[in-house]
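Counting in the numbering used here, the sequence shown runs from 1 upward without gaps.
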Amino acid sequence: MATLIEITSRPDPRGTLTVLDNELPFAIRRVFWIHGATAKRGGHRHHHTCMGLVSVSGSCEVLVSDGTSRTYYQLDRPNLILLLDPSDWHTMDKFSPDCVLLALASHTYDKTDYIDEDYRYD
């Protein structure tokens, strides 16, 4: 299930430094970002890929489903990282105009790793 973690930020008169150093439970193999989003993104889960999502600017909402429950997460600080397990079906929505959503992935892109169907809730 998804986990929200807070990374230590160190402010000083020159600006704030936030460092990601051994907080992720996986090695980063792919990095991408979403910006200028005007519609819902995501809408999938994975067979193998773990991900970390961080809004480095602005904010967005992430819906995560694990097959038993649905949880909404607000990413609105650059030191909050949402860790997603491969089985976490997720969508990103409600992007602020200045949102830059950074994604850190455990695997390189592979179309066959994607599962587009959400879980069924009866």
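Yeah, the Cβ is synthetic: ideal placement off N, Cα and C, and Gly gets one too.
Discussion item. Classify Leu82: buried if its beta carbon has 16 or more other beta carbons within 10 angstroms, exposed otherwise.
Written reply: buried
Worksheet item: Do the CB positions of Asp98 and Gly42 come within less than 9 Å of each other?
Response: no
Discussion item. Do Ala2 and Met92 have their beta-carbon atoms positioned less than 9 Å apart in this structure?
Written reply: no
Worksheet item: When the Cα atoms are used, what is the spatial distance from Tyr72 to Gly52?
Response: 15 Å
Worksheet item: Using the beta-carbon count (16 or more within 10 Å), is Arg70 buried or exposed?
Response: exposed
Worksheet item: Looking only at DSSP bridge pairs, what is Val31 linked to?
Response: Leu104
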